[in-house]
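Chains as they are written, first to last, in the working numbering: chain S, 1 to 213; chain P, 1001 to 1213.
Glycine residues also receive a C-beta, built at the ideal position from the N, C-alpha and C atoms.
Here the structure is laid out as structure tokens; the discussion comes afterwards.
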């Protein structure tokens, strides 16, 4: 399997490669990075709250959330590269010959398998962002007020990451003929995303309110 | 002046440093990076459309947009570090003594100058994202249909970047006593942001529609 190390390149190079016609990173990798940034903002709020007398009553929660955001941001960083690695087989399958009926059949079957692999990255990004959203919601109440704007930025990024990942799920689902497979993902992801969008928007408004806007 | 090179560190290290209690990067730097990612997605759509027969009628527009997205993403990457550099004097000013009346006065005057410097980064991020939004809007019509989901991701990220920058503008405006200064920025930025949010949401819905959602 081709290995990817996009998370190890500089922010500048990531952006430059993104803007080129290179096959990766694409929307999926960007969704993963954006999710990691949103999650890390939650981690920052924990780091700035931990050990502060004023928030001593939440210390245990803050430590738990910090451990969890560390874990989720790590997974999202890995997903930048997993999403790229999941895409390579598909980009190769597009190049398969389809001159004979047999070749056509083989190509279509291979493509179908590859679409099911390619969709996994964005699906996983959505699931992890979902966990991160719940943590930021908690931080809006328990995190240091001095860092409340960072909670606001965090939910804005997580919402964008989740919706971006969803667009990349849809692109793949549109190509998958296995209706049971596509319906199961839709049933799982759409209500989850809709509920998280509402939470993110509520937290953003709450933050604006705290800032007097 | 202290120099920053956050845009040169790896995505992984950027995320790790963000989640720590290090003073930078913060919400402003993340807004700049998110804006750069959103803009670069527009550049990618141009890269994938340029030279294609099917879109020959838009070739000149695509070349113009590509040149512009390159320039804007470059500025946004620079703003990751400018925002950090603008923050250092403020973080030093917080440490000034305030034991005597004279010291108090000097500290408050210094802080006021520093807030006006610190707000510049997020303000500039909003202005540049505003330019990028107009380009993505054009790409929703003129860009390759094969990359339409990337236009959708692009506007989602630009919206999140602009709103994140706005939160960081507000945090600074709340500390600035010069009402003429704060009112002028509010008059410029709020209508711009509201109009861009509407555009981004319209483009996102349009993209979903093209994808059959």
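Any Cβ of chain S within less than 9 Å of the Cβ of residue i?
| i | result |
| --- | --- |
| residue 1212 of chain P | yes |
| residue 1086 of chain P | no |
| residue 1196 of chain P | no |
| residue 1205 of chain P | no |
| residue 1004 of chain P | no |
| residue 1118 of chain P | no |
| residue 1073 of chain P | yes |
| residue 1067 of chain P | no |
| residue 1012 of chain P | yes |
| residue 1054 of chain P | no |
| residue 1034 of chain P | yes |
| residue 1096 of chain P | no |
I want to see whether chain P comes within less than 9 Å of residue i, judged by CB atoms only; does it?
| i | result |
| --- | --- |
| residue 70 of chain S | yes |
| residue 91 of chain S | no |
| residue 61 of chain S | no |
| residue 150 of chain S | yes |
| residue 7 of chain S | yes |
| residue 244 of chain S | Residue 244 of chain S is absent from the structure shown; chain S starts at 1 and stops at 213. |
| residue 114 of chain S | no |
| residue 57 of chain S | no |
| residue 77 of chain S | yes |
State yes or no: is the C-beta of residue i within less than 9 Å of the C-beta of residue j?
| i | j | result |
| --- | --- | --- |
| residue 162 of chain S | residue 1020 of chain P | no |
| residue 1157 of chain P | residue 1028 of chain P | no |
| residue 154 of chain S | residue 173 of chain S | no |
| residue 220 of chain S | residue 146 of chain S | No answer is possible for residue 220 of chain S: it lies beyond the span of chain S, which begins at 1 and ends at 213. |
| residue 1037 of chain P | residue 18 of chain S | yes |
| residue 1131 of chain P | residue 1053 of chain P | no |
| residue 121 of chain S | residue 50 of chain S | no |
| residue 160 of chain S | residue 1159 of chain P | yes |
| residue 961 of chain P | residue 211 of chain S | Since the displayed chain P opens at 1001 and closes at 1213, residue 961 of chain P lies outside it and no answer follows. |
| residue 9 of chain S | residue 87 of chain S | no |
Using 8 Å for Cβ pairs, my map puts residue i next to residue j. What's the rounded Cβ distance?
| i | j | result |
| --- | --- | --- |
| residue 3 of chain S | residue 82 of chain S | So it is not a contact: roughly 11 Å between Cβ atoms. |
| residue 119 of chain S | residue 203 of chain S | At roughly 28 Å, the Cβ-Cβ gap does not stay under 8 Å, so residue 119 of chain S and residue 203 of chain S are not in contact. |
| residue 1039 of chain P | residue 1072 of chain P | 5 Å |
| residue 165 of chain S | residue 192 of chain S | Not quite, the Cβ-Cβ distance comes to about 11 Å (not below 8 Å), so this is no contact. |
Near-chain P residues of the stretch 39-52 of chain S (beta-carbon distance less than 7 Å), N- to C-terminal order: 40, 41, 43, 44, 47 and 48
Taking any Cβ of chain P, which residues in the stretch 170-191 of chain S have a Cβ under 8 Å from it, in chain order? 170, 171 and 174
Which runs of the alpha helix (DSSP H), 4 residues or longer, sit entirely within the stretch 1127-1177 of chain P? 1148-1173
When Cβ atoms are compared, which residues of the stretch 15-26 of chain S fall closer than 8 Å to chain P? 15, 16, 18, 19, 20, 21 and 26
Any residues in the stretch 119-153 of chain S with a beta carbon nearer than 7 Å to a beta carbon of chain P? Which ones, in chain order? 149, 150, 152 and 153
Enumerate, from N- to C-terminal direction, the unbroken alpha helix (DSSP H) stretches of 4 or more residues contained entirely within the stretch 1009-1043 of chain P. 1011-1019
Start-end ranges of the alpha helix (DSSP H) lying completely within the stretch 1042-1109 of chain P, minimum 4 residues: 1059-1093
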